[in-house]
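S.K.:
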Amino acid sequence: MKISCIQKDVYLGNVSKNLDTFLPEIESASGADCGIILLPEMWATGFDYNNLQSHSKNTSDIVNKLSGIAGANSVIISSLPENKEGEIYNTLFAVDSSGVKAVYRKNFLFSPLKEDQYFHKGCHITVFEHNGVKLSLHTCYEIRFPELFRMAAFEGSQLMLVPAIWPAEKQNHWKTMLKARAIENQCFVAGCNASNAHTNKKIINCGVSLISDPWGTTLAEGSESREEVVQCDLDISKCNEIREKIPSFNDAKNVFEIKRKSKIRTQ
Numbered sequence: 066m067k068i069s070c071i072q073k074d075v076y077l078g079n080v081s082k083n084l085d086t087f088l089p090e091i092e093s094a095s096g097a098d099c100g101i102i103l104l105p106e107m108w109a110t111g112f113d114y115n116n117l118q119s120h121s122k123n124t125s126d127i128v129n130k131l132s133g134i135a136g137a138n139s140v141i142i143s144s145l146p147e148n149k150e151g152e153i154y155n156t157l158f159a160v161d162s163s164g165v166k167a168v169y170r171k172n173f174l175f176s177p178l179k180e181d182q183y184f185h186k187g188c189h190i191t192v193f194e195h196n197g198v199k200l201s202l203h204t205c206y207e208i209r210f211p212e213l214f215r216m217a218a219f220e221g222s223q224l225m226l227v228p229a230i231w232p233a234e235k236q237n238h239w240k241t242m243l244k245a246r247a248i249e250n251q252c253f254v255a256g257c258n259a260s261n262a263h264t265n266k267k268i269i270n271c272g273v274s275l276i277s278d279p280w281g282t283t284l285a286e287g288s289e290s291r292e293e294v295v296q297c298d299l300d301i302s303k304c305n306e307i308r309e310k311i312p313s314f315n316d317a318k319n320v321f322e323i324k325r326k327s328k329i330r331t332q
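Adding 65 to a residue's 1-based position in the sequence shown gives its number in the working numbering.
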């Protein structure tokens, strides 16, 4: 299975520019028979807090555009603002050529940048199957919460997908935690970052999208602040190979019982 992380600049509130930037890259990756196409967090709008309600009205149209360019074997993972019963969520849509395949609403919101004041919290974990592979959806800040990834792994996830807007100044945290989530769960993990995030006040350097195998080996890594497509092929059988070699994940499953609070549930 081939995976592509579309690492491009994200412009605050400039939906037309972001669509013009990302859609050709998505279509090209789909045409190359890429199985999974991963986009940065809030790639179409940026964190344009004051206009989230307005932007959410375009989400259905953007999802339809993605579905229209998705290849027959592709699924596109897209973070967009979603209006659900009057509340705005930071939502991941897994979109294929037939429409929305799965949905994940971000559980942990980044309060230092007031994300919790503008978005409503999600309350579920999403694990779904694509081309015979179990995928789970996570978002940015959540890599600091290994419990979410462990629950997804216990639900069968083999590949954990993480869209993000993550500053390059904290790239050591980013790379270390993505690899840690891969090693401890013996899964593949892919994190897709923006190359740069353009705000009204400054440009935040980002980049360093990363794909790790279950051994913690970096299979592909983007450069800091550079627009590029970070991609590689994944041999999913390596999950079982590593789990047989070092049975830590299976040992954990035989001992620990994951008990979810009522507000955290599987989709």
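Every residue gets a Cβ at the ideal spot worked out from N, C-alpha and C, and that includes glycine.
As the structure is a computational prediction, the values presented were derived from the model and not from experiment.
Can the beta-carbon of V75 be found closer than 8 Å to that of W108?
M.R.: The residue labelled residue 75 in the question sits at position 10 within the sequence shown. The residue labelled residue 108 in the question sits at position 43 within the sequence shown. Yes, Cβ-Cβ distance for V75 and W108 is below 8 Å.
S.K.: In this structure, how does DSSP classify R291 when only helix, strand and coil are distinguished?
M.R.: In the sequence shown, residue 291 corresponds to position 226, counting from 1. Note: R291 maps to coil in three-state DSSP.
S.K.: Taking 8 Å as the cut-off, decide whether the C-beta atoms of A233 and S277 are in contact.
M.R.: Here residue 233 is taken as the residue at index 168 of the sequence shown, counted from 1. Here residue 277 is taken as the residue at index 212 of the sequence shown, counted from 1. No, the pair does not count as a contact, with Cβ atoms beyond the cut-off.
S.K.: Quick check: P105 and P228, are their CB atoms within less than 8 Å of each other?
M.R.: Taking the sequence shown and counting its residues from 1, the one referred to as residue 105 is at position 40. Taking the sequence shown and counting its residues from 1, the one referred to as residue 228 is at position 163. In this structure, P105 sits near P228, with a CB-CB distance shorter than 8 Å.
S.K.: Measure the C-alpha to C-alpha separation of R308 and N319 and round it to an integer number of angstroms.
M.R.: By one-based count along the sequence shown, residue 308 stands at place 243. By one-based count along the sequence shown, residue 319 stands at place 254. Cα to Cα, R308 sits roughly 13 Å from N319.
S.K.: Cα-Cα, which of S93, N115, M216 is closest to T191?
M.R.: As a first step, residue 191 must be located in the sequence shown, where it is residue number 126. Nearest to T191 by alpha-carbon distance, out of S93, N115, M216, is M216.
S.K.: Just the Cα atoms here: how many angstroms apart are L200 and Q223?
M.R.: Start at 1 with the first residue of the sequence shown, and residue 200 comes out as number 135. Start at 1 with the first residue of the sequence shown, and residue 223 comes out as number 158. About 6 Å.
S.K.: For S327, which residues from the same chain have a beta carbon less than 7 Å from its beta carbon, with the 5 sequence-adjacent residues on both sides left out?
M.R.: Locating residue 327 in the sequence shown gives position 262, counting from the first residue. Only weak support exists for where S327 lies, its pLDDT of 40 falling under 50; the value from the coordinates is given anyway. Close CB contacts of S327 within its chain, under the 7 Å cut and outside five residues either way in sequence, are absent.
S.K.: What is the C-beta distance between I68 and I91, in whole angstroms, given that I count them as a contact (C-beta under 8 Å)?
M.R.: Counted from its first residue, the sequence shown places residue 68 at position 3. Counted from its first residue, the sequence shown places residue 91 at position 26. Their Cβ separation, rounded to whole angstroms, is 13 Å, which puts I68 and I91 out of contact at 8 Å.
S.K.: So I269 is in the alpha helix (DSSP H); what residue range does that whole segment cover?
M.R.: Here residue 269 refers to the residue found at position 204 when the sequence shown is read from its first residue. Careful: I269 lies outside any alpha helix (DSSP H), inside the beta strand (DSSP E) at 268-270.
S.K.: State the start and end residues of the unbroken beta strand (DSSP E) segment that holds V227.
M.R.: Looking up residue 227 in the sequence shown gives position 162. Per DSSP, V227 belongs to the beta strand (DSSP E) from 224-229.
S.K.: Taking a contact to mean a Cβ-Cβ separation below 8 Å, would you say M66 touches L243 in this structure?
M.R.: Residue 66 sits at position 1 when you count from the first residue of the sequence shown. Residue 243 sits at position 178 when you count from the first residue of the sequence shown. No.
S.K.: For N148, I'd like the list of residues in its chain whose CB is within less than 6 Å of its CB, leaving aside the five on either flank, ordered along the chain.
M.R.: For the purposes of this step, residue 148 is taken as residue 83 along the sequence shown, with counting starting at 1. Only S121 meet the Cβ criterion.
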